[in-house]
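See structure below.
Numbering (my numbering), first residue to last: 18 to 397.
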């Protein structure tokens, strides 16, 4: 991939950073062909920095805000208003990636927010692919992955950027999320383990998950008011250091929806980066808006993403056990919802659930290919 956030090699490190290159393990490291992996525009940017020839309006921004939208026009309008129409001490680059919403989202962004960069996809590419499009288009020191159903504020954005600037070992930062009614929302997670909800408060849990998942030990704790070291920051508001993205890589595009934040934070910890939640700052997250609660797409995507996560990060025995549990759940809910449909007791949501579990059963258990490619049927 000829873009800034790709395999970490010596050539790209030299071009993108003024400090000496750190040793890396990329297979192409040190080869002359490395330089060919970097887009000419990026090389020109770096050269302009070094020569002092960069025009004032082409400086790298402090923060790129990447927002992926799908049928959330009105919420996206509020989200963009909270970012772009309030005074902020940061230089911002706002990037909206619309996944063919078909509800006037793209037209609204063009008309009301001409300062935002709009990427209008011709199909619903999924959350990870669309976020990666936005990251590749970014030209900023840090990147914030932000849900369209959030309402932010300058203080929260500035706090996250300043925290990353002060602490070079921190690769990701987030803030406390609030529900629509102002109540606290779960904003971070532990690295998932079997029965983790019941044992994650145990004092030995961090050491167990670190050993099982082959994670790099966290660095010394940062003792600042409101700074909480966490395992996983919820993807609704996940700020990533640019250098961490270079080393860790982009989101896993095999995941259409869900678990991309878990996967990235796990890879970041393996690469030696810590994650912190700033509990003294908040943003509003309405939640579930872009996924319409439990629909065909959310059911199928969440199960596929979970299977991908287990097989990618966990020892074979754990992955096999968790896979079995998911298969049993799919079978049970396929039969349960099928019975409701058969007896005429199923409303529209129940019929949609039946179709979702039927397709998962055929695809994952019977190994039958589904129409519509990797992600099967993706209804509007």
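Just so you know, even glycine gets a beta-carbon here, dropped at the ideal spot from N, CA and C.
Measure the C-alpha to C-alpha separation of residue i and residue j and round it to an integer number of angstroms.
i           : j           : result
residue 346 : residue 316 : 12 Å
residue 303 : residue 249 : 20 Å
residue 94  : residue 205 : 26 Å
residue 285 : residue 364 : 43 Å
residue 319 : residue 276 : 8 Å
residue 173 : residue 351 : 43 Å
residue 188 : residue 241 : 17 Å
residue 122 : residue 354 : 34 Å
residue 385 : residue 290 : 40 Å
residue 71  : residue 131 : With a pLDDT of only 41 at residue 71, under the threshold of 50, the placement of this residue in the model should not be trusted; the figure read from the coordinates follows. Those two C-alpha atoms are separated by around 23 Å.
residue 139 : residue 247 : 37 Å
residue 120 : residue 100 : 22 Å
residue 97  : residue 89  : 12 Å
residue 397 : residue 117 : Any reading at residue 397 must be qualified, since the residue scores a pLDDT of 39, below 50, and its modelled position is unreliable; the value itself is stated next. About 10 Å.
residue 288 : residue 359 : 51 Å
residue 264 : residue 80  : 18 Å
residue 428 : residue 368 : As displayed, the chain neither begins before 18 nor continues past 397, which places residue 428 out of reach and without an answer.
residue 278 : residue 237 : 23 Å
residue 191 : residue 348 : 37 Å
residue 180 : residue 108 : 16 Å
residue 380 : residue 239 : 46 Å
residue 227 : residue 183 : 26 Å
residue 233 : residue 262 : 17 Å
residue 366 : residue 129 : 35 Å
residue 177 : residue 322 : 28 Å
residue 338 : residue 280 : 19 Å
residue 39  : residue 235 : Per-residue confidence for residue 39 stands at a pLDDT of 40, beneath the threshold of 50, marking its modelled position as unreliable; no derived number is given.
residue 333 : residue 344 : 16 Å
residue 370 : residue 301 : 30 Å
residue 298 : residue 243 : 8 Å
residue 133 : residue 356 : 49 Å
residue 224 : residue 200 : 32 Å
Report all residues from its chain with a CB closer than 7 Å to the CB of residue i; omit the five preceding and five following residues, and keep chain order.
i           : result
residue 245 : 293, 294 and 296
residue 125 : 90 and 94
residue 336 : 327 and 328
Can you give me the Cβ contacts of residue i inside the same chain, cut-off strictly under 8 Å, excluding the 5 residues immediately before and after it?
i           : result
residue 203 : 194 and 251
residue 383 : none
residue 399 : Any answer about residue 399 is impossible in this case: the structure gives the chain only from 18 up to 397.
Counting only the same chain and skipping the five closest in sequence on each side, list residues whose C-beta sits under 6 Å from that of residue i.
i           : result
residue 103 : 171
residue 361 : none
residue 114 : 85, 136, 147, 150 and 151
residue 196 : 202
The beta strand (DSSP E) spanning residue i covers which residue range?
i           : result
residue 86  : 78-86
residue 293 : 291-302
residue 158 : 157-163
residue 110 : 109-115
residue 136 : 134-137
residue 246 : 244-247
Mind reading off the beta-carbon distance from residue i to residue j? Whole number of angstroms is fine, and I expect it under 8 Å.
i           : j           : result
residue 11  : residue 106 : For the chain, the structure presents residues 18 to 397; residue 11 sits outside this window and is missing.
residue 152 : residue 267 : 6 Å
residue 406 : residue 373 : The structure shown does not extend to residue 406, since the chain spans only 18 to 397, so no value can be given for it.
residue 157 : residue 258 : Rounded, the Cβ-Cβ distance is 11 Å, inconsistent with contact.
residue 169 : residue 112 : Not quite, the Cβ-Cβ distance comes to about 15 Å (not below 8 Å), so this is no contact.
residue 166 : residue 92  : 5 Å
residue 283 : residue 208 : 6 Å
Mind checking which residues open and close the alpha helix (DSSP H) that includes residue i?
i           : result
residue 347 : 333-359
residue 330 : 313-330
residue 188 : Note, residue 188: premise wrong, no alpha helix (DSSP H); beta strand (DSSP E) at 187-195.
residue 279 : 277-287
residue 173 : 171-183
residue 375 : 365-377
residue 97  : 90-101
residue 127 : 122-129
residue 262 : 259-265
residue 152 : 144-154
Using beta carbons (cut-off 8 Å, strictly below), is residue i in contact with chain C?
i          : result
residue 85 : Of the chains in the structure shown, none is chain C; there is only one protein chain.
Are at least three pairs of beta-carbons, each pair with one atom in the stretch 252-267 and one in the stretch 151-170, less than 8 Å apart? Taking 8 Å as the limit for Cβ pairs, the verdict is that the stretch 151-170 does touch the stretch 252-267.
Taking 8 Å as the threshold, find out whether the stretch 74-89 comes into contact with the stretch 139-156 through three or more Cβ pairs. yes
Would you call the stretch 324-336 and the stretch 268-284 in contact, with 3 or more CB pairs under 8 Å? The stretch 324-336 vs the stretch 268-284: in contact.
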